[in-house]
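Below is one structure, written out as structure tokens; the observations come after it.
Numbering (this note's numbering), first residue to last: 7 to 386.
Rendered as structure tokens:
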């Protein structure tokens, strides 16, 4: 059983799919681990550390993946990478499959069995495999760090001989994993924190972290959560009431962090141009949903925009990747936990149980076809 760890083709992706810790664990399962030279450099892992853990270093993706039964990546392999894989290889990565029918078709036609880690079901046995949570947790932390850096003022209240410095006011919109970590981080940094979400269960979570909850709490609000724990799309009437409340609140804030994403859909617009215009000069908005169109009007992917009134709108891409070493370590553990379930420990070979609920939930392509029910090619 040969496992390959590849460098990411996207130069903006600094993460890596395995770290020395997980290489040792794969070796203990009987795998031969091959790492493409330089794969971990941007995440602070030199080739020598992989070699010390028992991996072999090879010069190219072709040399690594050509004979590999299993290929580990961070992002979905692009068309230029597919020829490097042998037919029948298993590829596990963050596949970003929504709206990518042509890319999935190409992967299927290359004879690859592709697994999307972000489709892992949110059940107890899969918690350790949940890449969305591990990476969003870091994104929430980094959002506060980036917000504090762009704000240019102190976060905590300070009593000094020269006078009192007021605490920064931080407002978090969307209280999932990223939002909760943003709240906790901003509180640790001494800010006065408020938060909002359309899911009623989040109110208690927000308050348990010492922040104040802001929302229109009517009957629709009380039923605004799917069975999977995601936010439902709210009615136009509710959105109008919530928007009016938020508009008043945002005008008083120093840093606003937006985290709202609905799987497979464009990011909902939470902050309008008028709301941005009402904020004080020097205020900062951090949009963690910018890769899906953004929650903030005027946000631009990969840019920091400063409005005419001096409000900064921060649209960094791949925010977890801004903490590449930690993000890689957590992602690698997520991958190992899943891949371990695909291996026969006695025979020391891949033995995928195709009827396993984790496999069925994450398997996108197999035997030349796109097999996941949610991503079937649309009929003409």
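Beta carbons: idealized from backbone N, C-alpha and C, even for Gly.
Less than 8 Å separating the beta-carbons of residue i and residue j?
{"i": "residue 265", "j": "residue 146", "result": "yes"}
{"i": "residue 64", "j": "residue 58", "result": "no"}
{"i": "residue 220", "j": "residue 202", "result": "yes"}
{"i": "residue 374", "j": "residue 196", "result": "no"}
{"i": "residue 100", "j": "residue 137", "result": "yes"}
{"i": "residue 41", "j": "residue 61", "result": "yes"}
{"i": "residue 13", "j": "residue 44", "result": "yes"}
{"i": "residue 18", "j": "residue 323", "result": "yes"}
{"i": "residue 320", "j": "residue 290", "result": "yes"}
Are there 16 or more other CB atoms within 10 angstroms of the CB of residue i, so buried, or fewer, so exposed?
{"i": "residue 168", "result": "exposed"}
{"i": "residue 380", "result": "exposed"}
{"i": "residue 79", "result": "buried"}
{"i": "residue 386", "result": "Because residue 386 sits at a pLDDT of 47, beneath the cut-off of 50, its placement in the model cannot be relied upon, and the following sentence gives the value as read from the coordinates. Counting Cβ neighbours within 10 Å, residue 386 comes out exposed, since fewer than 16 surround it."}
{"i": "residue 280", "result": "exposed"}
{"i": "residue 314", "result": "exposed"}
{"i": "residue 363", "result": "exposed"}
{"i": "residue 261", "result": "buried"}
{"i": "residue 165", "result": "exposed"}
State the DSSP-derived secondary structure class of residue i, mapped to helix, strand or coil.
{"i": "residue 386", "result": "Confidence is the limiting factor: at residue 386 the pLDDT is only 47, short of 50, which leaves the residue's position unreliable and the question unanswerable from this model."}
{"i": "residue 105", "result": "coil"}
{"i": "residue 202", "result": "strand"}
{"i": "residue 123", "result": "helix"}
{"i": "residue 153", "result": "helix"}
{"i": "residue 362", "result": "coil"}
Between the Cα of residue i and those of the options, spot the shortest distance and give me the residue it belongs to.
{"i": "residue 160", "options": "172, 166, 150", "result": "172"}
{"i": "residue 84", "options": "97, 126, 25, 180", "result": "97"}
{"i": "residue 56", "options": "77, 73, 33", "result": "33"}
{"i": "residue 212", "options": "186, 225, 331, 166", "result": "186"}
{"i": "residue 244", "options": "259, 226, 255", "result": "226"}
{"i": "residue 389", "options": "344, 292, 316, 362", "result": "Summary: the structure shown does not reach residue 389, with the chain confined to residues 7 through 386, and so no result is reported for it."}
{"i": "residue 194", "options": "175, 111, 162, 166", "result": "162"}
{"i": "residue 188", "options": "308, 286, 325", "result": "325"}
{"i": "residue 299", "options": "126, 276, 287, 318", "result": "276"}
{"i": "residue 258", "options": "199, 31, 140, 107", "result": "199"}
{"i": "residue 282", "options": "297, 270, 301", "result": "301"}
{"i": "residue 224", "options": "66, 123, 246", "result": "246"}
In the DSSP assignment, find the alpha helix (DSSP H) that holds residue i and state where it starts and stops.
{"i": "residue 34", "result": "26-34"}
{"i": "residue 98", "result": "Note, residue 98: premise wrong, no alpha helix (DSSP H); beta strand (DSSP E) at 96-100."}
Can you name the start and end residues of the beta strand (DSSP E) that residue i belongs to?
{"i": "residue 177", "result": "175-179"}
{"i": "residue 63", "result": "62-64"}
{"i": "residue 169", "result": "169-171"}
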